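To start, the structure itself, in structure tokens.
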Amino acid sequence: MNYSTLLLYFLSGILIITIIDTIGAILSNVLQFKYIYLIVFSAALYIFMGYFVSRDFNLIMVIAINALLGLYDGSAGLWLSLKLNANMGQARVETERMPGVSVAITMMIIAIVLGILGHVLN
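Sequential numbering of the sequence shown, starting at 1, is according to my numbering.
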């Protein structure tokens with residue numbers, strides 16, 4: 001197995017999540033839409049990542065990569081959106097009170113499920 005390809009997939013995913021979270025947080029304020037609507041882009045990323053990783057690797061690697069990306073999205077991505085004052089509506093107070101671990105685990109589960117979907121579509 002060529003793990004440099006796997007690392008490239010992972011780093012590409014981290015970069016895309018960072019871009020989605022950063023630009024999305026800023027645009028949610030400027031254009032006055034709720035930040036939560038950007039979950040569609042994250043979901044698309046997880047599905048595409050599952051699809052592309054499964055072309056070169058097995059399901060275990062799809063799950064591992066998507067779990068790590070979901071962890072990043074649910075921790076660093078959430079932190080970025082809060083620091084950039086994303087328009088979360090009334091959910092902002094709830095989001096700030098929620099333990100970061102539960103958000104990260106939830107995003108990991110979503111990422112894994114959608115990654116498996118991408119694997120199945122391959």
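C-beta: ideal position from N, C-alpha, C; glycine also. Just so we're clear, the structure is a prediction, and the values are computed from it rather than from any experiment.
Item                                                                                                                                                                                : Value
Mark Y3 as exposed unless 16 or more other C-beta atoms lie within 10 angstroms of its C-beta, in which case mark it buried.                                                        : exposed
Within the stretch 49-75, note down every full beta strand (DSSP E) run reaching 3 residues or more, in order along the chain.                                                      : none
Is it buried or exposed, S102, if we count other Cβ atoms within 10 angstroms and call 16 or more buried?                                                                           : exposed
Given A86, which residues of its chain have a CB within under 6 angstroms of its CB, disregarding the five upstream and five downstream residues?                                   : A25, S28, Y35
Leaving aside the five residues before and after F48 along the sequence, list all residues of the same chain whose C-beta is less than 8 angstroms from its C-beta, in chain order. : G118
Secondary structure at K83, three-state DSSP: helix, strand or coil?                                                                                                                : helix
Could you give the distance in angstroms between the alpha-carbon of R55 and the alpha-carbon of I109?                                                                              : 22 angstroms
I65 and F10: beta carbons closer than 8 angstroms?                                                                                                                                  : yes
Tell me which residue opens and which closes the alpha helix (DSSP H) that G77 is part of.                                                                                          : G77 -> no alpha helix (DSSP H), and no H or E assigned at all.
With DSSP as the reference, label F33 as helix, strand or coil.                                                                                                                     : coil
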